[in-house]
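Heads up, the thing below is written out as structure tokens.
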Amino acid sequence: MNKVEHYAQLILDNVVFFAPRILAAIFVLWIGFKLLKKLDLLLSKNLERLRISDTMRPFTILLLVPVLKIILVWIAVSILGVQLSELVMVVAAMSFAIGLLLQGRLGNFASGILMLCLKCYKAHNWIQIDNKFGKLEGIGIFNTLLATPKNKTLSVPNTKIKDSLVTRFSKNGLVRLELNTHIPYAEYFSKVRGMITTVRANTPVTINGLATEIGIKNFYSHNITLAIRPYVLSDN
Numbered sequence: 001m002n003k004v005e006h007y008a009q010l011i012l013d014n015v016v017f018f019a020p021r022i023l024a025a026i027f028v029l030w031i032g033f034k035l036l037k038k039l040d041l042l043l044s045k046n047l048e049r050l051r052i053s054d055t056m057r058p059f060t061i062l063l064l065v066p067v068l069k070i071i072l073v074w075i076a077v078s079i080l081g082v083q084l085s086e087l088v089m090v091v092a093a094m095s096f097a098i099g100l101l102l103q104g105r106l107g108n109f110a111s112g113i114l115m116l117c118l119k120c121y122k123a124h125n126w127i128q129i130d131n132k133f134g135k136l137e138g139i140g141i142f143n144t145l146l147a148t149p150k151n152k153t154l155s156v157p158n159t160k161i162k163d164s165l166v167t168r169f170s171k172n173g174l175v176r177l178e179l180n181t182h183i184p185y186a187e188y189f190s191k192v193r194g195m196i197t198t199v200r201a202n203t204p205v206t207i208n209g210l211a212t213e214i215g216i217k218n219f220y221s222h223n224i225t226l227a228i229r230p231y232v233l234s235d236n
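This note's numbering puts the first residue of the sequence shown at 1, with every later residue one more than the last.
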């Protein structure tokens, strides 16, 4: 009976000691996660007010929110009375284990930071990675998002962008199109060139102030291939 009373008293003492702390920790976590749900919009507005670029904003938000969640959990654990030194050792061991499992992810993370620091690409630029073409929507923690002209979204690992040949169509603002057409040998090149020049002059998306190259590219057995090189804005 004495042992039963001893353990009962011990349990009661622990409940009295830990119950307020547990309730406080739960309350802090509940309020904190409620606020963090609304933080994305608030951060986006503040970063825009601080004139942070469209390329940097998504990465900053994706990086900052998890850090704030870790801090929130840290505060809740400290309310429970757990020794922070012991918690640091546990977190360090877990981080090392997770790092070994996510080596590829860490490479993508480092590549994303490198691209942002070097300012290689900007949001809304048209780029081509190998044979994938699209408008850069944003550089994330692990992946870069591209919106294709067919309204599809491509998620490309950051390391692939860093290690691949990337063609930037928006760097200079203007792009020279490479168009080909065919004419029969019976047709006069000067006549066709005049027709193409007229059509190009009446096409609003082409740039009138820059010369359009129109010339013969190849001779084949049944026709002649013409090359047409007008200038357009990168968005067109």
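All C-beta atoms in this analysis are idealised placements derived from N, C-alpha and C, irrespective of residue type, glycine included.
- request: Check Phe219 in the structure and name its three-state DSSP category.
  value: strand
- request: Give me the Cα-Cα distance between Glu213 and Tyr231, rounded to the nearest whole angstrom.
  value: Going by the C-alpha atoms only, they are around 9 Å apart.
task: Starting from the Cα of Pro20, find the closest Cα among Asn172, Leu80 and Val156 and give me that residue.
output: Leu80
- prompt: Skipping 5 residues on each side, what residues in its chain have a beta carbon closer than 6 Å to that of Tyr121?
  reply: Answer for Tyr121: Leu136, listed in chain order.
message: With the cut-off set at 8 Å, would you say Ile129 and Lys160 are in Cβ contact?
response: Their beta carbons are under 8 Å apart, which means Ile129 touches Lys160 by this criterion.
query: Do you know whose CA, among Ala24, Leu39 and Tyr185, lies nearest Ser221's CA?
result: Tyr185
field: Burial state of Trp126 (16 or more Cβ within 10 Å)
entry: buried
- prompt: Ends of the beta strand (DSSP E) at Asn202?
  reply: Asn202 -> no beta strand (DSSP E), and no H or E assigned at all.
Cα-Cα separation, Leu174 to Ser234: Each residue's alpha carbon lies about 5 Å from the other.
task: Tell me Leu145's beta-bridge partners as DSSP assigns them.
output: Per DSSP, Gly138 and Ser155.
Distance CB(Leu210)-CB(Lys162) smaller than 8 Å: no
message: In the DSSP output, what is Leu42 paired with across the bridge?
response: Looking at the DSSP assignment, Leu42 forms no beta bridge with any residue, so it has no partner.
query: What's the call for Ile71, buried or exposed, on a 16-neighbour Cβ count within 10 Å?
result: exposed
query: Since Trp126 sits in a beta bridge, which residues does DSSP pair it with?
result: Paired residues: Lys135.
field: Buried/exposed call for Ser111, threshold 16 Cβ in 10 Å
entry: buried
query: Per DSSP, what kind of secondary structure is Thr167 in: helix, strand or coil?
result: Of the three classes helix, strand and coil, the one that applies to Thr167 here is strand, per DSSP.
query: Between Ile224 and Ile196, is the Cβ-Cβ spacing less than 8 Å?
result: no
query: Quick one: what does DSSP say Leu210 is sitting in, helix, strand or coil?
result: Residue state, collapsed to three classes: coil.
message: Please state the DSSP three-state secondary structure of Ala186.
response: Three-state result, Ala186: coil.
message: Among Val192, Ile26, Phe109 and Phe169, whose alpha-carbon lies nearest the alpha-carbon of Val73?
response: That would be Ile26, whose Cα lies nearest to the Cα of Val73.
Lys69 versus Phe33: straight-line alpha-carbon distance, rounded: 8 Å
- request: Flag this pair as yes or no: are the beta carbons of Leu165 and Thr153 separated by less than 8 Å?
  value: no
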